[in-house]
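Structure record follows, encoded as structure tokens.
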Amino acid sequence: MTSESDTDKASASTPKKQRLVKGDLVKKEKHRLQKYRVEWENGPIFSRWIARDYSDIYKAQCKVCETSITAEKQDLVKHSEGKKHLKNLSVIRGSKSVTSYFASTCSSSSETNTKKMATVAEIKLAAYLAENNIAFNAADHLGKLLK
Ligand SMILES: [Zn+2]
Numbered sequence: 001m002t003s004e005s006d007t008d009k010a011s012a013s014t015p016k017k018q019r020l021v022k023g024d025l026v027k028k029e030k031h032r033l034q035k036y037r038v039e040w041e042n043g044p045i046f047s048r049w050i051a052r053d054y055s056d057i058y059k060a061q062c063k064v065c066e067t068s069i070t071a072e073k074q075d076l077v078k079h080s081e082g083k084k085h086l087k088n089l090s091v092i093r094g095s096k097s098v099t100s101y102f103a104s105t106c107s108s109s110s111e112t113n114t115k116k117m118a119t120v121a122e123i124k125l126a127a128y129l130a131e132n133n134i135a136f137n138a139a140d141h142l143g144k145l146l147k
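Below, the structure written as structure tokens:
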């Protein structure tokens with residue numbers, strides 16, 4: 001077994017624009033806030049969990065961890081490699097639709113209708129049943145009870 005200590009150096013060399021316009025841009029070159037980018041939703045790293053944070057354009061949400069992250073690519077990558085995130089990802093694999101449903105009901109207050117709520121309740125129930133390995137017979141009975 002090899003035990004290589006992998007020093008995680010984020011050696012992303014960002015080429016700085018060297019514009020030498022005298023007097024024009026003096027000290028305005030602060031770190032600009034990164035806005036959320038929709039294209040991340042199609043990216044290989046983020047597509048499975050990223051979502052827009054409707055309350056803050058400079059933030060992104062993790063559907064899996066139900067947390068918001070600064071919309072900096074570095075931060076997002078860091079989050080995607082985090083232990084907690086990876087664990088959460090492995091938990092929800094296969095039931096992706098459930099989290100996206102929750103996310104959409106939480107964020108879009110204008111679209112909240114009872115039909116959606118009912119769907120969410122149904123999914124919740126289904127997830128609960130699946131999680132607890134409840135036999136289909138029992139589930140069927142439960143369904144009758146609820147109606
Ligand atoms: Zn996450």
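Note that full-length UniProt numbering has the sequence shown beginning at 1, numbered continuously upward.
Glycine included, C-beta positions come from ideal geometry on N, C-alpha and C.
Computed from a predicted structure; not experimentally measured.
Exposed or buried, which one is residue i when buried takes at least 16 other CB atoms within 10 Å?
i	result
TYR58	exposed
HIS79	buried
GLN74	exposed
ALA130	exposed
ASP140	exposed
ALA121	exposed
Using the three-state DSSP reduction, which class does residue i fall into: helix, strand or coil?
i	result
ASP140	helix
LYS59	strand
SER47	coil
Could you pull the start and end residues of the alpha helix (DSSP H) that residue i belongs to?
i	result
LYS78	73-81
LYS124	114-131
Which residues have their C-beta within less than 5 Å of a heavy atom of ligand 3, listed in chain order?
Ligand 3 is not among the ligands present in this structure, which contains only ligand 1.
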